[in-house]
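Each remark here refers to the structure printed beneath this line.
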Amino acid sequence: MARRDPKTSTTDLDLLRELCAAPSPTGFEGPVQTVVRRRLSATAETAGDPLGNVWADVVPDGAPHVLVTGHADQIGLIVTYVDDRGYVSFDAVGGVDRQLLPGRHLVIHGPKGPIDGVVGRKPTHVIPKDERGKAPELHEQWIDIGAGSRDEALGLVAIGDPITFQADFLALAGGRYASPAFDDRAGVYVALRALEHYAATPAAARLTALSTVHEETTFMGAKAAALRFRPDVAMVIDADFASDDPGVDPKKLGGEVKLGGGPIIHRGAASNRRLVELALEVAAAERIPHQVKAVPGATQTDAEELMASVQTATLSFSLPVRYMHSALEVMDPEDAEAGALLAAALTRRLAQDWTPERFVPGG
Ligand SMILES: [Zn+2]
Numbered sequence: 633m634a635r636r637d638p639k640t641s642t643t644d645l646d647l648l649r650e651l652c653a654a655p656s657p658t659g660f661e662g663p664v665q666t667v668v669r670r671r672l673s674a675t676a677e678t679a680g681d682p683l684g685n686v687w688a689d690v691v692p693d694g695a696p697h698v699l700v701t702g703h704a705d706q707i708g709l710i711v712t713y714v715d716d717r718g719y720v721s722f723d724a725v726g727g728v729d730r731q732l733l734p735g736r737h738l739v740i741h742g743p744k745g746p747i748d749g750v751v752g753r754k755p756t757h758v759i760p761k762d763e764r765g766k767a768p769e770l771h772e773q774w775i776d777i778g779a780g781s782r783d784e785a786l787g788l789v790a791i792g793d794p795i796t797f798q799a800d801f802l803a804l805a806g807g808r809y810a811s812p813a814f815d816d817r818a819g820v821y822v823a824l825r826a827l828e829h830y831a832a833t834p835a836a837a838r839l840t841a842l843s844t845v846h847e848e849t850t851f852m853g854a855k856a857a858a859l860r861f862r863p864d865v866a867m868v869i870d871a872d873f874a875s876d877d878p879g880v881d882p883k884k885l886g887g888e889v890k891l892g893g894g895p896i897i898h899r900g901a902a903s904n905r906r907l908v909e910l911a912l913e914v915a916a917a918e919r920i921p922h923q924v925k926a927v928p929g930a931t932q933t934d935a936e937e938l939m940a941s942v943q944t945a946t947l948s949f950s951l952p953v954r955y956m957h958s959a960l961e962v963m964d965p966e967d968a969e970a971g972a973l974l975a976a977a978l979t980r981r982l983a984q985d986w987t988p989e990r991f992v993p994g995g
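Using this note's numbering, read the sequence shown as starting at 633 and increasing by one per residue.
Okay, structure coming up:
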């Protein structure tokens, strides 16, 4: 895919930046869902559930019913304990690599506002030789917020407060960006932009854009959405491991996928076979850049939950991201915009000659 051309690109970088700036680890998705609601309400009526899912429909009476989803939550940490001297202990929310934490700037989202802190680490000089290069267990690490006592610390942070990496959004060379939240704000971006593209030239299908919660821990948002919507077709968009950095071997990572190559269509158990064929056909016809990756088993995304909603043909497609679940993930926003264009075009295509049997093997 060509590098971003500001004259022709339809990528809404401000939207992606705004989504990434809203700190929202699992269970605390309020900030990002506020951004999602505000954005969706410009196109359609929004709705939500007590779990925290947020969605909006275009052509609400239409058929088939197509759902496009990304997950709002990100990995993070949570305050578990504050000691007599004001040091803060924490546990992980989702898949956090403890080796990435020592020395890091973290933000605790306290009752009165964000509190900056640093993950403490013994100077290398005083670490015994056999312990050097190894990260302490999570319970052996601590956040130093500068407080001098438990009371002072508890005036700023509370047990159960969420913690995130600092919400940077860095412009790198070549139109690439770095943020700790691309998994999966990039997928939420796809859902929101797909609804906007579809609303601009709607067809007979009902399209619901959904921003789910709790993906990084229990997939509970998708489970609730599967029960609620039972859509005819679901497109589940998540971040996927890019294979184009020096630390990665495409043969070990399940295939070759590159930043700037467009959305990654999953072939295998993650996706309905005929839906994959249709997605490839639409992407080719619309000249939307795309990549294909083999998925031999579970996607470890919301896709499996939506598949279980009895009557749903599911397409798992994803966006290439380097350094997943780190303090700075790297991606090309053009891939997300291409994903949105693909989701909207596929929805229009699904509206032509719709029959549910189309995606039933042998049907
Ligand atoms: Zn994800």
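All C-beta atoms in this analysis are idealised placements derived from N, C-alpha and C, irrespective of residue type, glycine included.
Any non-hydrogen atom of ligand 1 within 7 Å of residue i CB
i, result
"D644", "no"
"E989", "no"
"D967", "no"
"A785", "no"
"A871", "yes"
"T933", "yes"
"E769", "no"
"E847", "yes"
"H703", "yes"
"D816", "yes"
For residue i, the residue or residues it bridges with in DSSP
i, result
"W687", "A679, L842"
"Q706", "P657"
"R954", "V962"
"M867", "V700, L947"
"H737", "V750"
"F722", "V711"
"G742", "G745"
"Q932", "Partner(s): none; Q932 has no beta bridge."
"I775", "V720, V751"
"V924", "I897"
Pair within 8 Å by beta-carbon distance, residue i and residue j
i, j, result
"A902", "A818", "no"
"I896", "P965", "no"
"R825", "A972", "yes"
"L804", "A813", "no"
"H898", "K925", "yes"
"G742", "A799", "no"
"R862", "V962", "no"
"L938", "A866", "yes"
"I707", "P794", "no"
"L672", "A688", "yes"
"R906", "R990", "yes"
"D864", "T944", "yes"
"V739", "R838", "no"
"A954", "A854", "The question names Ala, but residue 954 is Arg in the sequence shown. For R954 and A854, no; Cβs fall outside 8 Å."
"A959", "F797", "yes"
"A785", "V720", "yes"
"A767", "R730", "yes"
"V868", "T658", "no"
"E650", "G684", "no"
"A841", "L827", "yes"
"Q773", "P734", "yes"
"T631", "V686", "No information on residue 631 is available, as it lies outside the stretch 633 to 995 that the chain covers here."
"L859", "D967", "no"
"A779", "L788", "yes"
"V750", "D776", "yes"
Quiz item: Can you give, in chain order, each stretch of the beta strand (DSSP E) that sits fully within the segment 782 to 827 and has at least 3 residues?
Solution: 794 to 797, 809 to 811
Exercise. Starting from the N-terminal side, write out each stretch of the alpha helix (DSSP H) that is 4 residues or longer and does not extend beyond the segment 859 to 907.
Key: none
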